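Notes for the one structure printed next.
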Amino acid sequence: MTRKCIDCDNKESWYLAVCGLNHRTATIEERAPLALGHDEIPSAHLELANFENVYEAVAISTCNRVEFYLVLKAGVEPFNVVKNFYRNFRKLDISYLEPKCYVKKELLAVEHLFKVAGGLDSMVLGESQIFGQIKESYSSACMLKTAGKIIHRLFHLSFRTGKLVRSQTSLTEGASSVSGAAVSLLKNQINGNKEIPILFIGVNQMIHIAATALHKSGYSNFMFANRTESKALEMAEKYGGSGHAMSELDKLLKSSEVVITCTGSPEPILDESNLLPAVENSNGRKMIIMDMAIPRDTVPLPDHRDKIKIFDLEDIDFYLKETQKSREDAIPQAEEIINRKLAEFGYWYEHAKSEPLVMRVEHELERIRREELAEITRELDDDTTKKIEEFSKRLIDRLLTTNRRCKKGH
Numbered sequence: 369m370t371r372k373c374i375d376c377d378n379k380e381s382w383y384l385a386v387c388g389l390n391h392r393t394a395t396i397e398e399r400a401p402l403a404l405g406h407d408e409i410p411s412a413h414l415e416l417a418n419f420e421n422v423y424e425a426v427a428i429s430t431c432n433r434v435e436f437y438l439v440l441k442a443g444v445e446p447f448n449v450v451k452n453f454y455r456n457f458r459k460l461d462i463s464y465l466e467p468k469c470y471v472k473k474e475l476l477a478v479e480h481l482f483k484v485a486g487g488l489d490s491m492v493l494g495e496s497q498i499f500g501q502i503k504e505s506y507s508s509a510c511m512l513k514t515a516g517k518i519i520h521r522l523f524h525l526s527f528r529t530g531k532l533v534r535s536q537t538s539l540t541e542g543a544s545s546v547s548g549a550a551v552s553l554l555k556n557q558i559n560g561n562k563e564i565p566i567l568f569i570g571v572n573q574m575i576h577i578a579a580t581a582l583h584k585s586g587y588s589n590f591m592f593a594n595r596t597e598s599k600a601l602e603m604a605e606k607y608g609g610s611g612h613a614m615s616e617l618d619k620l621l622k623s624s625e626v627v628i629t630c631t632g633s634p635e636p637i638l639d640e641s642n643l644l645p646a647v648e649n650s651n652g653r654k655m656i657i658m659d660m661a662i663p664r665d666t667v668p669l670p671d672h673r674d675k676i677k678i679f680d681l682e683d684i685d686f687y688l689k690e691t692q693k694s695r696e697d698a699i700p701q702a703e704e705i706i707n708r709k710l711a712e713f714g715y716w717y718e719h720a721k722s723e724p725l726v727m728r729v730e731h732e733l734e735r736i737r738r739e740e741l742a743e744i745t746r747e748l749d750d751d752t753t754k755k756i757e758e759f760s761k762r763l764i765d766r767l768l769t770t771n772r773r774c775k776k777g778h
């Protein structure tokens, strides 16, 4: 595929922006149709690259956000690009979600990404999981060449910013990922019963974190189910327990008291048809389901709360708000780091936008110099002509140097 690049003669007509929605601006139901699976990210990048007025693009999709970082032609609105993307990619009209979407341009977009990378914009304040997800999306854009000069600089500096926030502040002390928070909430529900049978559905980073946390806490009665059975078997080998294909799900549910699910399924995989038979002979014990997926893996069952207790991401968010207060004291220090790196990027960004204009000014001054020199040196001897030419070059160079110093504020 041949990638467009920013036209060096028209660079001043582009700008950087982010358009997206997250757990603060939209509900799970509103975010779900826009969520991009891990396997869809490369295709999404290629689709964005097909838009004439999109010069660079990175799409990020996690359980709590869907965001598009774009370098666009001036005058092109980010939401319109995203709306057209979903129309082509999903045959989906998202016009109704415009009030839920945020659009941030230029340095506001940069500040937003730095806060995301630093864990300040996460459901779990200071979480590290988002850091790896940003890197994965950026790597995909690099492989497909939808990231260019602007995106490269932006994301590399966001990685450095995120590392500084985590190493130089207490923002991450006691912090966990969404999975870790779900495990903490789960522990409050099962009263330390280390032998309780736990079924994990799906194999991904969220499930790995949850399994690791529970394993370290002494839980080991695990079952793993996945669409690709070999991956479930690998999880069982790593954490103990047994691995199974999804075709065994109904049988596994009947042997489980806790279910932790996070798949990429577009439709729920747990509903009345397989959950009610699973709890039919539970002898009064409730089945606890931790649903970390978006879209949800579980159909809400309000009429069966006596037998099945379901926690989703919004429940986890409520729990986190009660447990994150101790980390909030580190926010000012983290914001100071972000502001420092934002200023660093801002200087580079303004230079990048003005660079082609400066080049055109230099070319134009050189053209004028040559024209005027040719006019006044027609009847001069070679020695005088050479001295005047050297003088004119020095004059232009000093004028341009003075202009650059003024731009830097020196």
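Residue numbers (our numbering): 369 to 778.
Where is the CB? At the ideal position from N, CA and C, for every residue including glycine.
This structure is a prediction, so every number in the text was calculated from the model and none was measured.
- In the DSSP annotation of this structure, the continuous segment of the beta strand (DSSP E) that includes Thr629 starts and ends at Val626 to Thr629.
- In this structure the segment 554 to 569 lies against the segment 615 to 635, because at least three pairs of beta carbons, one per stretch, are closer than 8 Å.
- With respect to Gly388, Val439 sits apart: the two C-beta atoms are not nearer than 9 Å.
- His524 is classed as exposed because its beta carbon has fewer than 16 other beta carbons within 10 Å across all chains shown.
- The segment 703 to 716 makes contact with the segment 477 to 491, as at least three CB pairs between them are under 8 Å.
- Within its own chain, no residue has a Cβ closer than 7 Å to the Cβ of Pro700 once the five positions on either side in sequence are excluded.
- The alpha-carbon separation between Leu767 and Phe713 amounts to approximately 27 Å.
- Within the same chain, His413, Val426 and Ala515 come within 6 Å of Ala509 by CB-CB distance, once the 5 residues on both sides are set aside.
- Judged by beta-carbon spacing, Glu640 lies within the 9 Å limit of Leu669, meaning their Cβ atoms are closer than that value.
- Selection Ala385, Ile498, Ala403 and Asp659 evaluated against Glu479 yields Ala385 as nearest (Cα-Cα).
- Distances from the alpha-carbon of Ser505 to those of Gly652, Gly405, Phe568 and Leu493 put Gly405 closest.
- When DSSP states are grouped into helix, strand and coil, Ile564 belongs to the coil group.
- Every unbroken stretch of the beta strand (DSSP E) spanning 3 or more residues and falling wholly within the segment 642 to 728 is given here in chain order: 655 to 659 and 676 to 679.
- Listed in chain order, the alpha helix (DSSP H) elements of length 4 or more contained wholly in the segment 484 to 546 are 497 to 511 and 517 to 536.
- In the three-state reduction of the DSSP assignment, Phe419 falls in the coil class.
- Approximately 7 Å separates the beta-carbon atoms of Ile566 and Ser624; this is inside 8 Å, confirming the contact.
- Phe592 is bridged by DSSP to Phe568 and Gly611.
- Judged by their CB atoms, Lys619 and Val647 are not nearer to each other than the 9 Å cut-off.
- Our two residues, Gly487 and Glu757, have alpha carbons roughly 58 Å apart in a direct line.
- Per DSSP, the unbroken beta strand (DSSP E) holding Tyr470 starts and ends at Tyr470 to Lys473.
- Taking the Cα positions, Met658 is about 18 Å away from Gln497.
- Assigned with DSSP and collapsed to three states, Gly548 falls in helix.
- Within a 10 Å sphere around the beta-carbon of Gly494 sit 16 or more other beta-carbons, which makes this residue buried.
- Asp697 has its alpha-carbon roughly 22 Å from the corresponding atom of Ser526.
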